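A.B. asks: Once you've had a glance at the structure underneath, I'll fire off some questions.
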Ligand code: GTP
Ligand code: MG
């Protein structure tokens, strides 16, 4: 509608952390699918996006999340690779994020890419929580699948609980050395001033209800005012990947963070030389809850609304660049939009 109506968009959650600390496994656990198994090699080489609607979050979180208390539509997770060579991908994911999860293996504690991720979060001033992952590996741990943290802690021996606490306080100490005041999430009142630490296991699902509850609560409380978008406004996004796709030629995987993108839009994309002006041929969407980079069966959609991960098929994309801006022209002056894209490069 020409009047333009405002709506709340999905917050973008970046998952950051050192290699093998369990970023992809955590998302897998949330999705109930097994992307880890489908990954070529042990390291994640690409950023993917996963939308989790509020109703699913509420199902997983059980009585911790009542959908009636929230008006944000859910969360859009961006996975990032932990391997040291992918720092630009991490940086891009971090810059796009409204909020982040820093994943730390409770056995390993802080490692080089944990520090690097923290630097990105500091630089971009992104609010975040810490997922202290792999609690199931604590010696003597008694696993209680998919259970909230407090309940599973009550079912542990004193020895296992003490051991976990030592590891958690180690992480809290390391955050403190980095200048962040942190505590167990249930003791945190203001998640912007204090970093909440959520003990989790991507293997058993313990603490996952808590993780989603804290993310949802933090988003609702602190991000709501920034999540208002014009639901008919021209779309704005960032290119995550430039990819050849059988039958479609060169395509763009983008994260749309504002407005609407339609399958008949003209878009301007940052390129190696000048900005590229091109007409969208198709918008390709992975199925709900599927991971964009492992999805081969795309569904064509007429339009998509922020926030979303979407693949754009269009001519002349060969010179497009990962990390570059994408802007829809619709109803605006082409020169103005091109200048905006050039300014962002
Ligand atoms: P990169 O993408 O390479 O940076 O790694 P990642 O952080 O995505 O780690 P990934 O999810 O691939 O997990 C690495 C290994 O740790 C896998 O073998 C997982 O099965 C294992 N793992 C992840 N989370 C847990 C957990 O909570 N408990 C246990 N026991 N193992 C886990
Ligand atoms: Mg991974």
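Numbering (the UniProt record's numbering), first residue to last: 8 to 352.
Using N, Cα and C, we set each Cβ at its ideal position, and we do this for glycine too.
This structure is a prediction, so every number in the text was calculated from the model and none was measured.
Does DSSP put residue 172 in a helix, in a strand, or in coil?
C.D. replies: Of the three classes helix, strand and coil, the one that applies to residue 172 here is helix, per DSSP.
A.B. asks: Pick helix, strand or coil for residue 250, following the three-state DSSP scheme.
C.D. replies: The answer is strand: DSSP assigns residue 250 an E or B state.
A.B. asks: Just tell me which of 306, 282 and 186 has its CA closest to the CA of residue 348.
C.D. replies: Selected option, being the one with the closest Cα: 282.
A.B. asks: Count the other CB atoms within 10 Å of the CB of residue 355; is the residue buried (16 or more) or exposed (fewer)?
C.D. replies: Look at the range of the chain in this structure, 8 to 352, and you will see that residue 355 is not part of it.
A.B. asks: Provide the residue span of the beta strand (DSSP E) that contains residue 190, from first to last.
C.D. replies: Residue 190 -> beta strand (DSSP E) spans 189–191.
A.B. asks: When burial is assigned at 16 or more other CB atoms within 10 Å of the CB, is residue 343 buried or exposed?
C.D. replies: Exposed.
A.B. asks: In the DSSP assignment, what are the bridge partners of residue 201?
C.D. replies: DSSP output for residue 201 lists no bridge partner at all.
A.B. asks: Kindly identify the DSSP beta-bridge partner or partners of residue 112.
C.D. replies: According to DSSP, residue 112 bridges with 140.
A.B. asks: On the DSSP bridge list, what partners appear for residue 318?
C.D. replies: Residue 318 is bridged to 260 and 291.
A.B. asks: Does ligand 1 have a heavy atom nearer than 7 Å to the CB of residue 277?
C.D. replies: Result no, Cβ not under 7 Å from ligand 1.
A.B. asks: Does DSSP put residue 81 in a helix, in a strand, or in coil?
C.D. replies: In the structure shown, residue 81 sits in a strand (DSSP, three-state: E or B).
A.B. asks: Should residue 35 be listed as close to ligand 2, given that the test is whether its C-beta is under 7 Å from any heavy atom?
C.D. replies: Residue 35: no, Cβ never under 7 Å from ligand 2.
A.B. asks: Just curious, the beta strand (DSSP E) that residue 88 is in, first and last residue?
C.D. replies: It is not in any beta strand (DSSP E) - residue 88 carries neither H nor E in the DSSP assignment.
A.B. asks: In this structure, does DSSP put residue 74 in helix, strand or coil?
C.D. replies: Residue 74: helix per DSSP, three-state reduction.
A.B. asks: DSSP state of residue 21, grouped into three classes?
C.D. replies: Of the three classes helix, strand and coil, the one that applies to residue 21 here is strand, per DSSP.
A.B. asks: Residue 216 and residue 106: beta carbons closer than 8 Å?
C.D. replies: Cβ distance not < 8 Å, so residue 216 and residue 106 don't count as in contact.
A.B. asks: How should residue 194 be labelled, buried or exposed, when 16 other C-beta atoms within 10 angstroms of its C-beta is the threshold for buried?
C.D. replies: So residue 194 counts as exposed.
A.B. asks: For residue 69, which option in 167, 240, 220 and 249 has the closest C-alpha, if you only look at C-alpha atoms?
C.D. replies: Among 167, 240, 220 and 249, the Cα nearest to that of residue 69 belongs to 220.
A.B. asks: Inspect the beta-carbon positions of residue 20 and residue 104 and report whether they are closer than 8 Å.
C.D. replies: Against a cut-off of 8 Å, the Cβ pair of residue 104 and residue 20 comes out as a contact.
A.B. asks: Sort 335, 341, 117 and 329 by Cα distance to residue 352 and report the nearest one.
C.D. replies: Comparing Cα-Cα distances from residue 352 to each of 335, 341, 117 and 329, the minimum goes to 329.
A.B. asks: Would you mind stating whether residue 139 and residue 205 have Cβ atoms separated by less than 8 Å?
C.D. replies: Yes, the pair counts as a contact, with Cβ atoms nearer than the cut-off.
A.B. asks: Between residue 133 and residue 82, is the Cβ-Cβ spacing less than 8 Å?
C.D. replies: It is not a contact, given that the beta carbons lie outside the stated cut-off.
A.B. asks: Look at the alpha carbon of residue 232 and the alpha carbon of residue 263, and state the distance between them as a whole number of angstroms.
C.D. replies: Taking the straight line from one Cα to the other gives about 18 Å.
A.B. asks: In three-state DSSP terms, what is residue 335?
C.D. replies: Residue 335 falls in the strand class under three-state DSSP.
A.B. asks: Could you say which of 28, 305, 252 and 246 lies nearest to residue 120 if we only look at CA atoms?
C.D. replies: The shortest Cα separation from residue 120 among 28, 305, 252 and 246 belongs to 28.
A.B. asks: Below 8 Å between beta carbons: does that hold for residue 108 and residue 136?
C.D. replies: Yes; because the gap between Cβ atoms is below 8 Å, this pair is in contact.
A.B. asks: Using the rule of at least 16 other Cβ atoms within 10 Å of the residue's Cβ for burial, across every protein chain shown, is residue 175 buried or exposed?
C.D. replies: Buried: at least 16 other Cβ atoms inside 10 Å.
A.B. asks: Using the Cβ count rule (16 or more neighbours within 10 Å means buried), how would you classify residue 10?
C.D. replies: Note that residue 10 scores 47 on pLDDT, short of 50, meaning its location in the model is unreliable and no value can be drawn from it.
A.B. asks: What residue range does the beta strand (DSSP E) around residue 308 cover?
C.D. replies: Note, residue 308: beta strand (DSSP E), 306–308.
A.B. asks: Shortest alpha-carbon distance to residue 272 belongs to which of 155, 182, 332 and 336?
C.D. replies: Comparing Cα positions, the closest option is 336.
A.B. asks: Just the Cα atoms here: how many angstroms apart are residue 35 and residue 126?
C.D. replies: Taking the straight line joining both Cα atoms gives about 26 Å.
A.B. asks: Sorry if obvious, but does the Cβ on residue 282 come closer than 7 Å to a heavy atom of ligand 1?
C.D. replies: No, ligand 1 has no heavy atom inside 7 Å of this Cβ.
A.B. asks: Run the proximity test for residue 141: is its beta-carbon closer than 7 Å to any non-hydrogen atom belonging to ligand 2?
C.D. replies: No - ligand 2 has no heavy atom lying nearer than 7 Å to the Cβ of residue 141.
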